[in-house]
Amino acid sequence: MPSAGSASADVGTSLLRLGGLVALFAATAALVALLLRWVTGELQLNRLARRRLREEPPPAVGPAPRPAGPADRRPAAAGHHPVGRRVPGARPAPAPAPRPRRPLQLVAADVRRLTRELSMVPGGMPMARRRGLLAAYDDVLIEAAELLEVPHELTSAAPANRELERLRLIASLEAAGLVVAG
């Protein structure tokens, strides 16, 4: 056994203190977590859910559902025979109605607003918010390009080339008469 003033006795004492502090910290964290669950009501909800499960009778066991096999087929499309041949006298399905478009002034205002928001993105902004802004900006640029009939490749551009395609599309929209900066 080391003497009271030796280095190994001091190391043993400091290790015991360190272990005690770690145990105290873990116990405090567990108590704080339990206290937070009690304050938010989560503890009560868990207890009620367990009680409800004990009191409810088990569900009646019925026949097991049959796995979908080749006998389960989709219904035939309108105007088509189940085998794939056309049904005589059947009319083809009507083309979907075109989606109503927003006025160009509203689209241009959205382009200007989102351009302003993207130019003033603070440094600590979460990446999810920046990606959301860029997705909204892309959607509005595509909408403006469709209204002005400007060709674009923004939807098919690779993520690495998307910023370059945005700049090219903005230049094309400005050349078509859209006021982007304002």
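Here UniProt numbering is used: position 64 in the sequence shown is 64, and no number is missing along the way. The beta-carbon is built from N, C-alpha and C at its ideal position, and this holds for glycine as well.
(Q) Tell me whether the region 102-109 and the region 130-137 touch, counting them as touching only if at least three CB pairs, one residue from each stretch, are closer than 8 Å. (A) no
- [ ] Measure the CB-CB distance between residue 164 and residue 145 and report whether it falls below 8 Å.
- [x] Position 164 of the sequence shown, counted from the start, is the residue given in the question as residue 164. Position 145 of the sequence shown, counted from the start, is the residue given in the question as residue 145. No.
What is the rounded straight-line gap between the Cα of residue 24 and the Cα of residue 33?
For the purposes of this step, residue 24 is identified with residue 24 of the sequence shown, where counting begins at 1. For the purposes of this step, residue 33 is identified with residue 33 of the sequence shown, where counting begins at 1. Cα to Cα, the separation comes out at about 14 Å.
Query raised in the report: In or out: residue 11 buried (at least 16 other Cβ within 10 Å) or exposed?
Result: Numbered from its first residue, the sequence shown carries residue 11 at position 11. Exposed is the call here.
message = If you measure between the beta carbons of residue 101 and residue 180, is that distance less than 8 Å?
response = Walking along the sequence shown from the start, residue 101 turns up at place 101. Walking along the sequence shown from the start, residue 180 turns up at place 180. No.
### Rounded distance between the beta-carbons of residue 176 and residue 148, thought under 8 Å
Position 148 of the sequence shown holds residue 148. Position 176 of the sequence shown holds residue 176. Correct: roughly 5 Å between the Cβ atoms.
Query - Top-ranked residue by Cα proximity to residue 162, from 50, 114, 138 - result: Here residue 162 refers to the residue found at position 162 of the sequence shown. Looking at the Cα atoms, 138 is the closest of the given residues.
Which whole-angstrom value is the C-beta distance of residue 166 and residue 154, which I expect to be below 8 Å? Working through the sequence shown from its first residue, we reach residue 166 at position 166. Working through the sequence shown from its first residue, we reach residue 154 at position 154. Between residue 154 and residue 166 the Cβ distance is about 7 Å, and since that is below 8 Å, they are a contact.
- Do the CB positions of residue 93 and residue 114 come within less than 8 Å of each other? The count along the sequence shown starts at 1 and reaches residue 93 at position 93. The count along the sequence shown starts at 1 and reaches residue 114 at position 114. No.
Worksheet entry | For residue 127, three-class secondary structure by DSSP | By 1-based counting over the sequence shown, the position of residue 127 is 127. Correct three-state label for residue 127: helix.
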